[in-house]
Amino acid sequence: MATEAKVRRVGRLPRLPVVLAAAVGASVAVALAAVWAGGGATVEVPGIEDAGAVTTWGLPVARTLVDAAAVATVGALLLVVVLLPGGRKLTATQLRYLNWAAVAAALWTVASAGVLIFTLSDLFAQPVGEIVSPAVVADFVITDVQGRSYALMTAAGGVIATLCVGIGTARLARVALVFALAGLLPPAFSGHSAASGNHDAAVISLALHLVGVAVWVGGLVFLLVVAARREEQAADAARRFSPLAAWSLTAVAVSGLVNAAVRLPSLADVFTSRYGLMVIGKAVALAALGAIGWWHRRRTLPALMEGRRRAFVRLAAGELVLMATAMGLAVGLSRTPAPGAGDASLSTTEELLGFPMPPPLGDFPWTPLFTQWHFDPLFAFGTAAAGLLYLAGVRKLRIRGDNWPVGRTISWFLGLAVTVLATMSGLAVYGKVLFSVHMGQHMILAMTVPILLVLGAPATLALRALPAAPKGEPDGPREMLMKLLHSRYVKLISHPAVASILFIGSAFAVYYTSLFETLMRSHLGHMVMLVHFLAAGLLFFWVVIGIDPGPRRPPHLGRLFVLILTMPFHSWFSISLMSSTELIGEGWWSALDRPWVEYPMDDQYDAGAIAWATGDIPVLITTIILAIQWIRSDRREARRVDRQIDRGDAGDPLAAYNAYLASLRARDRRPTNSRTSEES
19 MATEAKVRRV GRLPRLPVVL AAAVGASVAV ALAAVWAGGG ATVEVPGIED
69 AGAVTTWGLP VARTLVDAAA VATVGALLLV VVLLPGGRKL TATQLRYLNW
119 AAVAAALWTV ASAGVLIFTL SDLFAQPVGE IVSPAVVADF VITDVQGRSY
169 ALMTAAGGVI ATLCVGIGTA RLARVALVFA LAGLLPPAFS GHSAASGNHD
219 AAVISLALHL VGVAVWVGGL VFLLVVAARR EEQAADAARR FSPLAAWSLT
269 AVAVSGLVNA AVRLPSLADV FTSRYGLMVI GKAVALAALG AIGWWHRRRT
319 LPALMEGRRR AFVRLAAGEL VLMATAMGLA VGLSRTPAPG AGDASLSTTE
369 ELLGFPMPPP LGDFPWTPLF TQWHFDPLFA FGTAAAGLLY LAGVRKLRIR
419 GDNWPVGRTI SWFLGLAVTV LATMSGLAVY GKVLFSVHMG QHMILAMTVP
469 ILLVLGAPAT LALRALPAAP KGEPDGPREM LMKLLHSRYV KLISHPAVAS
519 ILFIGSAFAV YYTSLFETLM RSHLGHMVML VHFLAAGLLF FWVVIGIDPG
569 PRRPPHLGRL FVLILTMPFH SWFSISLMSS TELIGEGWWS ALDRPWVEYP
619 MDDQYDAGAI AWATGDIPVL ITTIILAIQW IRSDRREARR VDRQIDRGDA
669 GDPLAAYNAY LASLRARDRR PTNSRTSEES
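See below:
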């Protein structure tokens with residue numbers, strides 16, 4: 019009996035509270051050690067004011083708790099929305115884990131408020147008790163970018179905690195998940211990355227890094243929770259999480275590499291600086307986590323599918339502690355000055371642009387537009403992922419024996435190539451310096467790229483390549499995509515009037531208000547502006563020449579009218595730019611040191627001319643494509659009717675019309691026959 023009890027104790031799974039407490043403890047301990055080793059804990063110097071030990075050590079602890087609570091919030095909501103099977107209304111199991119999300123979000127709110135206070139104390143080098151007052155905190159939130167970022171995080175946590183209490187539907191749970199992911203991003207646009215050179219790449223890669231870590235770690239935490247609690251849906255949750263984990267690992271690795279490359283001046287600094295050594299430590303931890311993930315896919319996940327959870331839970335517990343260690347290193351990195359940090363050699367222009375002022379374009383052919391390149395992680399990673407997913411879909415169809423038109427594939431990759439050209443070549447560099455080049459970039463993203471991408475029919479490819487969910491099983495990606503394409507939201511925005519207003523009206527809204535200057539001054543704002551131009555163009559041209567399924571579209575003649583009625587407003591916008599006497603975005607252009615730009619109004623006139631000239635060619639191409647689609651549609655309809663006639667289908671229009679004439683003749687004969695019978 020004693021031997022059996024001993025064996026039972028040896029084989030017992032680790033308790034869930036112990037594992038979670040160990041993970042948080044490891045993260046806090048590593049963060050404090052990294053802060054001390056990296057020089058983030060300053061030594062008190064007599065005569066110089068200091069924030070005090072409470073702030074020095076309290077700030078990294080609060081940041082660690084913020085990270086842990088944010089990850090737990092995202093993980094719980096991810097479990098409810100994505101990993102657990104369910105319908106429109108949340109099940110009892112989903113509601114239970116939604117309460118976990120509410121508790122985690124409440125902790126996130128409190129910890130974010132603590133980081134806000136400690137950061138204020140750290141920046142002013144005064145103890146918390148002496149600096150904190152409602153007026154000072156309010157001024158810090160209003161005037162300082164770090165204050166705003168942590169205030170936004172605090173607000174996001176509070177909104178999520180409140181929202182989760184009353185949620186009962188999957189739709190509201192998805193809204194809460196979006197809020198949680200958005201709440202992760204404000205710190206990415208302040209601090210080290212936002213203040214460094216090439217800050218566009220730095221902040222975007224950091225934002226992608228934060229989202230990837232939250233999805234990966236948070237998903238694993240709650241996958242471990244459902245497995246340890248013997249939930250019936252644990253195997254389904256693991257199956258759904260596996261591809262998410264792979265994509266998150268890729269996003270974390272690539273974005274971390276980009277961020278380190280931006281922050282470290284040279285390769286030698288990786289091995290000689292404290293910051294570089296911490297980056298190596300994170301890389302080693304990431305490699306180990308990748309190996310564990312591979313082992314999960316090979317061994318423990320198949321065992322979990324068969325109901326054997328012991329190996330999965332044990333390995334996942336160790337993986338979670340290792341992830342917590344990596345997160346502690348990340349907190350230490352945020353408090354460790356990078357090599358060259360604090361260098362005041364950056365000019366005002368470099369701080370605004372994120373790169374040095376480029377040379378003048380000179381005369382035609384403007385070769386700097388093709389020689390000046392600037393890496394943008396959002397569009398680089400986005401186009402790479404779009405290309406790989408498209409190729410995977412085509413490959414799956416080919417293996418299955420189905421055909422996919424080569425022209426669609428060519429159109430899709432041409433669209434991606436033009437997107438890269440518009441967002442990372444000299445067009446992107448000079449688009450921040452010259453209004454004329456910016457307008458060319460705008461026209462390419464809004465009127466050229468969408469035509470090519472829409473003709474690639476990505477949604478049709480996805481619907482054909484993705485497997486259908488088995489009968490009785492929860493909706494898979496294919497079913498969710500189909501529901502999205504036919505949802506009321508898509509039906510609303512794809513109405514021709516709405517799509518046209520968004521396409522043309524947004525240009526007036528951006529350029530004829532202070533919005534343009536505001537967006538140009540912000541890294542996030544500039545990115546959102548470019549993405550919006552691309553999205554508005556995709557929506558408009560999907561309505562006019564789209565191949566993918568969706569809500570009921572107008573007939574081809576109606577689409578032609580939509581195109582004809584919309585384009586005069588584009589010409590009006592172009593002419594208004596050319597004839598304007600006020601410089602658009604004057605505050606932004608005057609802040610830049612552009613010695614080779616003598617007449618900004620002439621550059622604005624060129625911007626209007628570019629908008630007018632580049633608008634006509636896409637319209638002509640779209641009209642030709644629409645005419646070809648119209649002719650092909652009529653031919654397909656004629657062939658369909660011919661096939662129905664050949665089969666003698668009762669449903670074909672010609673047969674129905676002949677039957678109608680025959681019924682009329684029969685009706686005309688009936689009175690005559692009856693009169694004849696009466697006379698006889």
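Here my numbering is used: the first residue of the sequence shown is 19, the next is one more, and so on.
Beta carbons: idealized from backbone N, C-alpha and C, even for Gly.
Keep in mind it's a predicted model, so treat the numbers as computed, not measured.
query	result
Validate contact between the stretch 174-192 and the stretch 146-157 using beta carbons, cut 8 Å, 3 pairs	no
N-terminal and C-terminal residue of the alpha helix (DSSP H) that W607 is part of	E604 to A609
Neighbour-count burial assignment, L502, 16 or more Cβ in a 10 Å radius	exposed
L125 and A87 closer than 7 Å at C-beta	yes
Residue environment, L31, which counts as buried when at least 16 other CB atoms sit within 10 Å	The pLDDT assigned to L31 is 49, lower than 50, so where the model puts this residue is not dependable; a value taken from the coordinates is nonetheless given after this. So L31 ends up on the exposed side.
Under the three-state DSSP convention, the category T187 falls into	strand
C-beta contact flag for I462 and A435 at 7 Å	no
Under the three-state DSSP convention, the category K414 falls into	helix
Proximity to A527 [Cα-Cα], best of M547, V508, S540 and S512	M547
Three-state secondary structure assigned by DSSP to K489	coil
Burial state of I642, where buried means 16 or more other Cβ atoms lie within 10 Å	exposed
Through-space distance from G105 to T111, alpha-carbon basis	12 Å
Which listed residue (I563, L499 and H460) has its alpha carbon closest to that of G633	H460
R328 versus R248, P261, M442 and H392, residue with shortest Cα-Cα distance	R248
Proximity to W391 [Cα-Cα], best of T367, G419, V438 and R258	V438
Same chain, Cβ closer than 6 Å to P495, neighbours up to 5 away in sequence not counted	L484
Selected residue, minimal CA-CA separation from F591, among L552, I519, G230 and E616	I519
Chain B within 7 Å of R657, Cβ atoms only	Going by chain labels, chain B is absent from the structure shown, which holds only one protein chain.
K509, DSSP secondary structure in three states	helix
Limits of the unbroken alpha helix (DSSP H) element including M596	H574 to S597
N-terminal and C-terminal residue of the alpha helix (DSSP H) that E600 is part of	That residue, E600, is in no alpha helix (DSSP H); it is neither H nor E in DSSP.
Cα-Cα separation between I160 and P205, rounded to whole angstroms	15 Å
Closer than 6 Å: P374 CB and nearest the ligand SAH heavy atom	Among the ligands in the structure shown, none appear at all, so the ligand SAH cannot be discussed.
Same chain only: Cβ atoms within 8 Å of T389, ignoring 5 sequence neighbours per side	G444
L102 - containing alpha helix (DSSP H), residue span	No alpha helix (DSSP H) holds L102; DSSP gives it neither H nor E.
Distance between L578 and I646 (C-alpha atoms, nearest Å)	12 Å
CA nearest to the CA of L407, picked from F393, T427, V508 and A306	T427
Euclidean distance between Cα positions of P514 and V297	51 Å
Assigned secondary structure, T561 (DSSP; H/G/I helix, E/B strand, else coil)	Sequence check: residue 561 is Val here, not Thr. Three-state result, V561: helix.
L452 (DSSP reduced to helix, strand or coil)	coil
For R570, three-class secondary structure by DSSP	coil
Neighbour-count burial assignment, L583, 16 or more Cβ in a 10 Å radius	exposed
I635 burial status per 10 Å Cβ neighbour count (16 or more: buried)	exposed
contact_flag[the stretch 235-247, the stretch 90-102] where n(CB pairs < 8 Å) is 3 or more	yes
Inter-residue spacing [alpha-carbon to alpha-carbon] between A553 and I628	21 Å
Secondary structure of A480, DSSP reduced to three states	helix
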